[in-house]
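Novice:
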Amino acid sequence: MIYRNWSLLSSTVVIWGSVGAAGLAGIFLFGGKVTNHRAAPSPFPPETPSPIPLRPTA
1 MIYRNWSLLS STVVIWGSVG AAGLAGIFLF GGKVTNHRAA PSPFPPETPS PIPLRPTA
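In this text, residue positions in the sequence shown follow UniProt numbering: the first is 1, and each later residue adds one.
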């Protein structure tokens with residue numbers, strides 16, 4: 001039936017259109033930053049200088 005095919009297509013377009021509109025609204029309203037404003041600590045330890053020189057300093 002053509003009704004079911006068009007119904008599936010139109011609902012797919014509506015869903016993806018809503019997702020796109022929400023994404024654009026987030027970019028315009030929040031500048032694309034919808035995360036927590038506090039910086040999370042890094043899970044990796046800070047870099048320490050290597051005892052072996054990797055590049056010649058001369």
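From the three backbone atoms N, C-alpha and C, an ideal C-beta is built for every residue, glycine too.
Since the structure is predicted, the reported quantities are computational estimates derived from the model, not experimental observations.
Measure the alpha-carbon distance for Ile-15 versus Pro-51 and round it to whole angstroms.
Specialist: Rounded to whole angstroms, Ile-15 to Pro-51 spans 56 angstroms at the Cα level.
Novice: Measuring only the C-alpha atoms, how far is Thr-12 from Pro-41?
Specialist: Going from the Cα of Thr-12 to the Cα of Pro-41 covers about 40 angstroms.
Novice: Just verifying my parser: in three-state terms, what is the DSSP assignment at Ile-52?
Specialist: Here Ile-52 sits in coil by DSSP.
Novice: Only counting the same chain, and skipping five residues up and downstream in sequence, which positions put a Cβ closer than 6 angstroms to that of Phe-44?
Specialist: For Phe-44, where only same-chain residues beyond five positions count, there are no Cβ hits under 6 angstroms.
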